Ligand code: AMP
Ligand code: GLY
């Protein structure tokens with residue numbers, strides 16, 4: 017089979033890596049890809065949202081399966097366009113992807129179908145929102161309703177902080193002309209539950225945990241994710257069964273009932289609160305960096321799963337027992353402004369454990385080209401061993417412009 021992967025980050029590198037382990041794959045293309053992906057796939061210079069050009073490429077090159085990584089491509093309807101052209105594609109339609117692209121859609125769906133989540137109300141008017149926040153008190157959570165590159169969520173510890181966020185979102189339209197979902201603030205460990213979904217069928221993946229804050233001790237600003245690991249010792253098999261049976265399966269069934277059946281990866285961002293497991297958010301795609309620790313544990317042929325989801329067939333998922341833990345190397349300054357084009361050396365010494373997130377070639381050098389630059393993976397019989405291996409691999413990479421967290425996995429590793 018010829019397979020096309022859409023996207024250019026660590027998630028797509030991990031997908032390409034999983035595809036390259038399949039005996040069914042003849043050729044892998046990636047649009048636009050990156051310099052690390054280029055070692056395992058042919059990179060095509062088409063951006064992820066250029067649907068017409070991607071369609072032409074898939075037709076001309078006789079691509080048998082297209083796999084979509086990023087939400088931006090889903091939100092502009094890439095799956096709808098490929099399906100209309102009779103091409104097989106893995107990912108949800110634009111209507112189903114609203115579970116991620118519209119927080120209001122997701123919250124309404126959950127409340128209608130009894131799926132556990134934080135209590136909420138939605139506002140378009142600043143004064144009304146402010147009055148509601150004053151009545152509820154702090155801490156309180158404010159979410160801009162729309163794609164805001166992970167920066168549209170504020171967990172306000174004080175009323176002043178909440179008011180500043182409401183002004184940004186509703187008066188100054190910093191993210192766009194949207195509405196705001198105001199939520200009760202939940203507490204407890206967070207975890208990511210990704211499932212392959214095809215209509216009512218749900219195949220759970222192993223659990224992972226991301227680390228959203230930039231610095232050790234979960235301090236500093238929110239980021240796209242600074243590291244991840246799998247499995248999670250603090251989530252019991254009963255928790256996992258609850259999340260599958262009371263959250264992921266009913267959500268898949270609800271989307272069928274609403275006339276927008278989901279196909280692709282449904283990502284549950286869940287929290288284990290003192291009142292039970294609740295949904296923080298849904299995503300309509302593989303998580304990044306969770307995918308980089310989950311797919312290396314997949315023992316089944318991923319092509320069988322992608323095709324079963326896209327075609328409505330059956331598949332079986334088997335997993336390796338080993339643990340995975342990965343550390344993001346990010347540009348100094350990220351998630352604020354940062355320098356690009358800094359040379360990275362020592363990649364060859366750690367080649368099989370590194371997924372590229374934001375790199376590019378500059379002659380025969382590899383240089384930084386994004387906020388999150390590399391994902392360095394460790395594998396081991398235990399999480400502690402995987403952590404030690406990842407840190408050792410990080411130490412072999414030589415680049416002046418990068419920083420990383422040293423405490424990835426602390427919730428699982430603490431004594
Ligand atoms: P989201 O983009 O919805 O995942 O939100 C980003 C982060 O904000 C989450 O990973 C949580 O750490 C935090 N968060 C979001 N909603 C809540 C909530 N209702 N209670 C507490 N923390 C939240
Ligand atoms: N790691 C969080 C996300 O992919 O949205």
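Residue numbers (this note's numbering): 17 to 431.
Ideal placement from N, C-alpha and C gives every residue a C-beta, glycine not left out.
Keep in mind that this is a model prediction, so the values were computed, not measured.
Shown here, residue 203 sits in coil according to DSSP, grouped into three states, outside any helix or strand.
Note that the region 261-274 does not touch the region 230-244; fewer than 3 beta-carbon pairs, one per stretch, sit closer than 8 Å. The straight-line gap separating the alpha-carbon atoms of residue 411 and residue 419 is approximately 11 Å. By the neighbour-count criterion, in which a residue is buried when 16 or more other Cβ atoms sit within 10 angstroms of its Cβ, residue 379 is exposed. At a Cβ-Cβ threshold of 7 Å, residue 377 and residue 392 do not count as neighbours. Runs of beta strand (DSSP E) with 3 or more residues, each lying fully within the region 137-168, are found at 156-160, listed in chain order.
Taking C-beta separations shorter than 8 Å and ignoring five residues to either side along the sequence, the partners of residue 146 in its chain run 179 and 182, following chain order. Of the heavy atoms belonging to the ligand GLY, none sits nearer than 6 Å to the Cβ of residue 234. The criterion of a C-beta distance shorter than 7 Å is satisfied by residue 172 and residue 154. Minimum Cα-Cα distance from residue 339 among the listed residues 401, 352, 350 and 282 corresponds to 401.
Taken through DSSP and simplified to helix, strand or coil, residue 423 comes out as coil.
Secondary structure of residue 325 (DSSP, three-state): helix. Residue 202 has its CB nearer than 6 Å to a heavy atom of the ligand AMP.
Beyond the five residues adjoining it in sequence on each side, residue 216 comes within less than 7 Å, by CB distance, of 268, 269 and 272 in the same chain, given in chain order. Checking the DSSP bridge columns, you'll see residue 226 partnered with 244. In this structure, the C-beta of residue 296 approaches the ligand AMP to less than 6 Å from one of its heavy atoms. With contact defined as three or more Cβ pairs closer than 8 Å, the region 62-77 and the region 330-339 are not in contact. Comparing alpha-carbon positions, the option among 291, 396, 238 and 326 lying closest to residue 313 turns out to be 396.
Around the beta carbon of residue 144, a 10 Å sphere encloses fewer than 16 other beta carbons of the protein chains shown; the residue is thus reported as exposed. The C-beta separation of residue 161 from residue 195 comes to about 5 Å, placing the pair in contact by the 8 Å criterion. Nearest neighbour of residue 403 by Cα position, chosen from 289, 390, 426 and 50, turns out to be 426.
Measuring C-alpha to C-alpha distances from residue 345 to each of 311, 241 and 326 identifies 241 as the nearest. Annotated as distal: residue 324 and residue 104, with beta-carbon spacing of 7 Å or more. Distance from the CA of residue 306 to the CA of residue 222, rounded to the nearest whole angstrom, comes to 10 Å. Its chain contains no residue whose beta carbon lies nearer than 7 Å to that of residue 55 once the 5 sequence neighbours on both sides are disregarded. Taking the Cα positions, residue 317 is about 8 Å away from residue 35. Between residue 205 and residue 211, the C-beta gap is not smaller than 7 Å, which leaves the two residues out of contact. At least one heavy atom of the ligand AMP falls within 6 Å of the beta-carbon of residue 199.
A distance criterion of 6 Å places the beta-carbon of residue 134 in contact range of the ligand AMP, judged by its closest non-hydrogen atom.
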